[in-house]
Amino acid sequence: MTPNRPTILVLLLFPLFLSAQTVLSNQEKVHRYMWQLMDSLSAPFLHEWDSLGIQAIDRAQGKGTFLESEFVRYFSAKKKTVFTVPAAITFVFSEFEVKIRYRPGALNWLGMKRDVRRSIQIRCAGQIKERSDSRVLSAFSSRRVFRDQIRKDRLRELERTAYPFLKGKWQAYSVWEKYLEPALAVSSALIIIYLFFSVRT
Numbered sequence: 001m002t003p004n005r006p007t008i009l010v011l012l013l014f015p016l017f018l019s020a021q022t023v024l025s026n027q028e029k030v031h032r033y034m035w036q037l038m039d040s041l042s043a044p045f046l047h048e049w050d051s052l053g054i055q056a057i058d059r060a061q062g063k064g065t066f067l068e069s070e071f072v073r074y075f076s077a078k079k080k081t082v083f084t085v086p087a088a089i090t091f092v093f094s095e096f097e098v099k100i101r102y103r104p105g106a107l108n109w110l111g112m113k114r115d116v117r118r119s120i121q122i123r124c125a126g127q128i129k130e131r132s133d134s135r136v137l138s139a140f141s142s143r144r145v146f147r148d149q150i151r152k153d154r155l156r157e158l159e160r161t162a163y164p165f166l167k168g169k170w171q172a173y174s175v176w177e178k179y180l181e182p183a184l185a186v187s188s189a190l191i192i193i194y195l196f197f198s199v200r201t
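1 is the number of the first residue of the sequence shown in UniProt numbering; add one for each residue after it.
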């Protein structure tokens, strides 16, 4: 049976649709995670708090500045008075670690272009303290891993940030990724092309 034209058109345009989907930058991914975390941490107490402070223990590579910026933006949007020093209620971030790794992605449907697999691992831990007697109101520990596939030609754009810790590192090719996967992808593409023309004839 010969494939009809609409079917062929869908097959041709589907990869273009996938590549056009919105992809968040490294900083936007971590930003969304931080706001979700603060949503969950503050929900039980938010109506009781008027002034809030933040203390970031690890300030390497801009981590402290990033945490303070996200904290101020989040709670300012909630109409709270916010300080980047200890206050009546203080969020103490004792651990904030972000690991971003890139690996070669799968070849596209014709075996002609390689995208990038991105992994963002985030770990955050600390305490919420009351300044009056240093009483710990709550301790928190959270870990999240995001994985997706991005276009290699967009990598520089998605890495654009003022914070060094939000830039990723490349992982080495495996034997499968360097030799076997490309060969398999090209073979599959050739088989599809052969079958397409065989059906037409």
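The beta carbon of each residue, even a glycine, is placed where N, CA and C say it ideally should be.
*Report the partner residues of tyrosine 102 according to the DSSP bridge assignment.*
Within the DSSP bridge table, the entry for tyrosine 102 names Arg118, Trp170 as partners.
*Quick one, are the C-beta atoms of lysine 63 and threonine 90 less than 8 Å apart?*
Judged by their CB atoms, lysine 63 and threonine 90 are not nearer to each other than the 8 Å cut-off.
*Following the continuous alpha helix (DSSP H) through threonine 65, name the residue where it begins and the one where it ends.*
That run of the alpha helix (DSSP H) goes 63-77.
*Look at the Cβ atom of valine 116, then the Cβ atom of leucine 166, and state whether they are nearer than 8 Å.*
Their beta carbons are not under 8 Å apart, which means valine 116 does not touch leucine 166 by this criterion.
*asked:* For serine 42, report the span of its alpha helix (DSSP H) as first-last.
replied: The continuous alpha helix (DSSP H) containing serine 42 extends over residues 26-42.
*Note down the Cα distance separating phenylalanine 83 from arginine 114, rounded to an integer number of angstroms.*
When rounded, the distance between both Cα atoms is 46 Å.
*Give the secondary structure of alanine 87 by DSSP, where H, G and I count as helix, E and B as strand, and everything else as coil.*
For alanine 87, the three-state secondary structure derived from DSSP is coil.
_Extent of the continuous alpha helix (DSSP H) run through leucine 158_ = Where leucine 158 is concerned, the enclosing alpha helix (DSSP H) stretches over 155-158.
*How is the beta strand (DSSP E) around aspartate 148 delimited, first residue to last?*
Run containing aspartate 148: 135-150, per the beta strand (DSSP E) assignment.
*Cβ distance (whole Å) where glutamate 70 is taken to contact methionine 34 below 8 Å*: 5 Å between Cβ atoms; contact.
*Leaving out five residues on either side along the sequence, give the residues of the same chain with a beta carbon under 6 Å from the beta carbon of arginine 143.*
Taken in chain order, the residues that qualify are Arg123.
*Check the Cβ-Cβ distances between serine 69 and every residue of chain C, and say whether any is below 8 Å.*
Note that chain C does not occur in the displayed structure, where there is just one protein chain.
*List the whole-angstrom C-beta distance separating aspartate 148 from arginine 101, where the pair is believed to meet the contact cut-off of C-beta under 8 Å.*
That belief does not hold up - the Cβ atoms of aspartate 148 and arginine 101 are roughly 12 Å apart, past 8 Å.
*Rank Asp153, Lys29, Phe93, Ser138 by C-alpha distance to the C-alpha of threonine 65 and give the top, closest one.*
That would be Phe93, whose Cα lies nearest to the Cα of threonine 65.
*asked:* Give me the DSSP bridge partner(s) of leucine 52.
replied: Assignment of beta-bridge partners to leucine 52 by DSSP yields Val82, Ile89.
*Nearest-angstrom Cα distance between leucine 46 and proline 104?*
Answer to the nearest angstrom: the Cα atoms are 44 Å apart.
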